[in-house]
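Structure first, then comments.
In this note's numbering, the protein residues as written are 16 to 341.
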């Protein structure tokens with residue numbers, strides 16, 4: 016009897032190990048096929064006057080984005096005000112975008128939460144809603160404890176169970192926490208972790224990530240238009256840029272110039288984009304992005320509380336930052 020039980024236990028363990036290996040192989044195959052290179056706007060979430068998600072205006076924005084040669088869209092990132100949406104709203108926005116997305120374009124959904132368990136659950140829901148990959152921000156509420164060990168554990172456990180590839184997201188301006196370089200390098204070896212969006216703006220760090228992960232199928236995306244050309248110079252393959260919500264054609268043109276090696280033309284265009292980009296990111300943030308979207312024919316509207324609209328002085332400064340650069 017003991018021999019029978021031992022055999023059954025061994026047989027069960029072998030089947031579990033085989034299943035896990037199969038899942039890991041399948042995830043690796045999926046990740047390897049997904050080419051992230053290109054430009055993505057991290058789209059804003061329009062709201063009604065009552066602060067409900069305005070799906071009609073979202074659809075109208077999506078129709079306009081469909082005419083711009085983006086590689087895809089990032090949904091429920093920082094510019095989508097994801098911390099202020101419920102889980103149900105976050106998933107429904109992703110589902111809505113998926114239904115309107117032109118064939119061949121990627122949908123990357125933000126699924127980061129503070130706990131590993133909640134992140135896994137939301138990732139599964141985002142995949143079911145149609146996400147091709149998930150963008151996962153570093154948990155940061157207990158940032159003093161979010162060292163490399165904790166973050167490697169968090170992202171590894173997520174990637175082991177995620178049905179779609181994972182893109183790491185380091186945005187220290189919002190989280191107060193930079194994903195450590197050693198953690199990025201170790202995580203790059205996971206077959207279901209596809210790449211990283213780095214919004215910190217440290218070009219030497221971006222270059223080091225590219226260099227130290229070159230043996231892996233790992234892709235680095237610049238997290239802002241302000242340093243997009245510099246990121247391409249050190250090996251990045253694309254960008255997730257807030258400014259693309261407003262100047263999408265220009266960002267795609269900058270990508271084209273960089274990829275084709277037309278660096279002098281790229282430099283001129285990059286310089287023109289620096290001040291407008293700073294205005295809608297580190298200087299004035301999401302309220303400025305939404306205001307600029309209105310000026311350029313998109314639906315930005317107001318933010319969800321407690322974010323507040325721009326003051327008159329801020330609005331004037333925003334206009335100057337855009338008009339002075341053509």
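All C-beta atoms, glycine included, are put in the ideal place defined by N, C-alpha and C.
- Look at the region 296-322 and you find these whole runs of alpha helix (DSSP H), each 4 residues long or longer: 300-310.
- With contact defined as three or more Cβ pairs closer than 8 Å, the region 143-155 and the region 185-198 are in contact.
- Within the same chain, Cβ atoms closer than 6 Å to the Cβ of residue 247 are found at 273, the five residues on either side in sequence being excluded.
- Under DSSP, residue 234 takes part in a beta bridge, and its partners are 210.
- If the five residues before and after residue 319 are omitted, its C-beta is found closer than 7 Å to the C-beta atoms of 62, 66, 96, 99, all from its own chain and listed in chain order.
- Per DSSP, the unbroken alpha helix (DSSP H) holding residue 102 starts and ends at 102-115.
- When rounded, the separation of the alpha-carbon atoms in residue 215 and residue 252 is 16 Å.
- The alpha carbon of residue 228 has as its nearest neighbour, out of 203, 240, 277, the alpha carbon of 203.
- In this structure, the beta-carbon distance from residue 114 to residue 178 does not fall below 8 Å.
- Distance between residue 288 and residue 241, taken at the CA atoms: about 7 Å.
- Its chain contains 169, 172, 173 as the residues whose beta carbon lies nearer than 7 Å to that of residue 131, once the 5 sequence neighbours on both sides are disregarded; these appear in chain order.
- Taking the Cα positions, residue 338 is about 35 Å away from residue 224.
- Residue 57 carries a strand assignment under DSSP once its states are collapsed to helix, strand and coil.
- In this structure, DSSP gives residue 186 a state outside helix and strand, which the three-state scheme calls coil.
- Bounds of the alpha helix (DSSP H) holding residue 165 are 163-176.
- Residue 116 and residue 85 have their C-alpha atoms roughly 11 Å apart.
- In terms of Cα proximity to residue 148, the closest of 271, 278, 91, 76 is 91.
- When the beta-carbon positions are compared, residue 120 and residue 87 come within less than 8 Å of each other.
- Cα atoms of residue 75 and residue 207: separation of roughly 34 Å, rounded to the nearest angstrom.
- Pairing residue 197 with residue 315, the inter-Cα distance amounts to about 38 Å.
- Between the region 321-333 and the region 267-283, the count of Cβ pairs shorter than 8 Å is below three; the stretches do not touch.
- One Cα belongs to residue 296, the other to residue 304, and the distance between them is close to 8 Å.
- Ranked by how close their Cα comes to the Cα of residue 125, the residues 212, 72, 260 have 212 in first place.
- Looking from the CA of residue 145, the closest CA among 60, 340, 200, 112 belongs to 112.
- Annotation: residue 325 is outside any alpha helix (DSSP H) and is labelled neither H nor E by DSSP.
- By the neighbour-count criterion, in which 16 or more other beta carbons inside 10 Å mark a residue as buried, residue 50 falls on the exposed side.
- Rounded to the nearest whole angstrom, the C-alpha separation of residue 218 and residue 161 is 23 Å.
- The beta carbons of residue 294 and residue 336 sit closer together than 8 Å.
- As a beta-bridge residue in DSSP terms, residue 125 pairs with 150.
- Within the model, the alpha-carbon separation for residue 332 versus residue 259 is close to 20 Å.
- In this structure, residue 234 lies near residue 209, with their beta-carbon atoms less than 8 Å apart.
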